[in-house]
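Comments concern the structure below.
2 protein chains.
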Amino acid sequence: MEPLYLEDLSIGQKFTSRPHTVDAEAIKAYAREFDPQLFHLDGEAAKKSLFGGLAASGWHTASLTMRLIVESVPLAGGVIGSGGELSWPRPTKPGDTLRVVTEVLEITPSRSRPDRGTIVMRSTTLNQNDEPVQVFTPKLVVQRRQAGA
Amino acid sequence: MEPLYLEDLSIGQKFTSRPHTVDAEAIKAYAREFDPQLFHLDGEAAKKSLFGGLAASGWHTASLTMRLIVESVPLAGGVIGSGGELSWPRPTKPGDTLRVVTEVLEITPSRSRPDRGTIVMRSTTLNQNDEPVQVFTPKLVVQRRQAGA
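Chains as they are written, first to last, in our numbering: chain R, 13 to 161; chain X, 13 to 161.
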C-alpha cells in the first residue's frame, strides 16, 4: 500500500481490514497475560458471569483491532494516536470473525507545524453478524507531504 | 482482598496497584503480535520516528494497565467496563515502572435492576516520574450486595 499523507485523505474516506477469526485459546492466552478474570479464562465459569459464556477481554478486542488497523490504514509515518472515545457494545466471543472499518471524520492541518496535521477517525470493529464489538474514535497525528501553506 | 459491592464504594475512593516494570523485550513482543510498527519494534528505527526512540504501543500500556487494575480494584463480579475516554499523554518507554491509581468518580444504582449499578472511575497510569502515560475513564457495571431499595 502507498503511504498516505494528510493531503491524500478526505472526509468520509473508508478503509476496511481483512477478516480475523478469534478462537478460545487466543482469548485465554491474552487473558492470562493481561486480564486474568474467570469469564475470560474458563468457559464453564464464564456461564455464571454477566457474559453468559467465555468472552474476550475488551482490551484483547482493542489489541486485535489495532493489528487490523495497522494493516489497513497506510498512514505515512505510521498510525500514532493520542487517544479517544472507546466503547465495547458487546463482547468478542470464541469463533467470532472480526473486521475493522475505519472512516475519516475530521482533517485539521496544524497551524504551528507545517509538516503535520491531525485527523479524527472512527474505527468500528464488526463481528461476522455485522454487529459492532468495539467503536474507537481516536485523534491521530498525520504527516503532510509538502511543508508550508 | 474482600470483593467490593456497589454499597462498599464511595466517591473519591482510591486504589493503587503494585508497580510493574516494562522492558524492551516485552514492548517488542506485544508489538509483534498486535501493533507491528517500527517505532514499537526496533530501537534504532524508532529514533527517526515521532517518538525519538523505542516506545510501547498505547494498547500495550492499556493491556498492562488492565492487569494492574484487575489486581488492585477488587470489584465483586469482576472489572467489567463498557468503555470510556482513553488518552495517552506520553508513551511508555523501555525500563519504565508503571503503577495505576484508580479513583471512583460517580456511583449510580440502576433504577430497573436492583442487583446492580454503574460507576465511573478514572484509572491513571503513572511512570516512575509520576507522569501519566495513560488516563482511562470507564463506566463499569458493579453488583449490589442487597437487592431492593
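Beta carbons: idealized from backbone N, C-alpha and C, even for Gly.
Would you verify that the beta carbon of SER135/R is, or is not, closer than 9 Å to some beta carbon of chain X? no
Within the 9 Å Cβ cut-off, does ILE124/R reach chain X? The displayed chain sequence assigns Ser, not Ile, to residue 124/R. No, no contact with chain X.
Which whole-angstrom value describes the C-beta separation of GLU115/R and GLY24/R, a residue pair presumed to lie in contact below a C-beta threshold of 8 Å? 7 Å
In chain R, which residues lie with their C-beta within 8 Å of the C-beta of PRO173/X? No statement about residue 173/X is possible, as the shown extent of chain X runs from 13 to 161 and does not include it.
The segment 86 to 98 of chain X: positions lying closer than 9 Å to chain R by Cβ: GLY89, GLY90, VAL91, ILE92, GLY93, SER94, GLY95, GLY96, GLU97, LEU98
Give the straight-line distance between the Cα atoms of SER84/R and LEU21/X, rounded to the nearest whole angstrom. 43 Å
Excluding the five sequence neighbours on either side, which residues of its own chain have a C-beta within less than 8 Å of the C-beta of GLU45/R, listed in chain order? none
How many Å lie between HIS95/R and GLN49/X at the Cα? According to the sequence displayed, residue 95/R carries Gly and not His. Rounded to whole angstroms, GLY95/R to GLN49/X spans 17 Å at the Cα level.
Using 8 Å for Cβ pairs, my map puts PRO31/X next to ARG111/X. What's the rounded Cβ distance? 5 Å
Which residues in chain X sit within 9 Å of SER61/R, going by Cβ to Cβ distance? GLY89, GLY90, ILE92
Under 9 Å between C-beta atoms, does SER69/R make it to chain X? yes
Reference PRO144/X; option with closest CA among GLU37/X, THR77/X, GLY93/X, LEU53/X: THR77/X
With a cut-off of 8 Å on the beta carbons, I'd call TYR17/R and ARG156/R a contact; round off their distance for me. 6 Å
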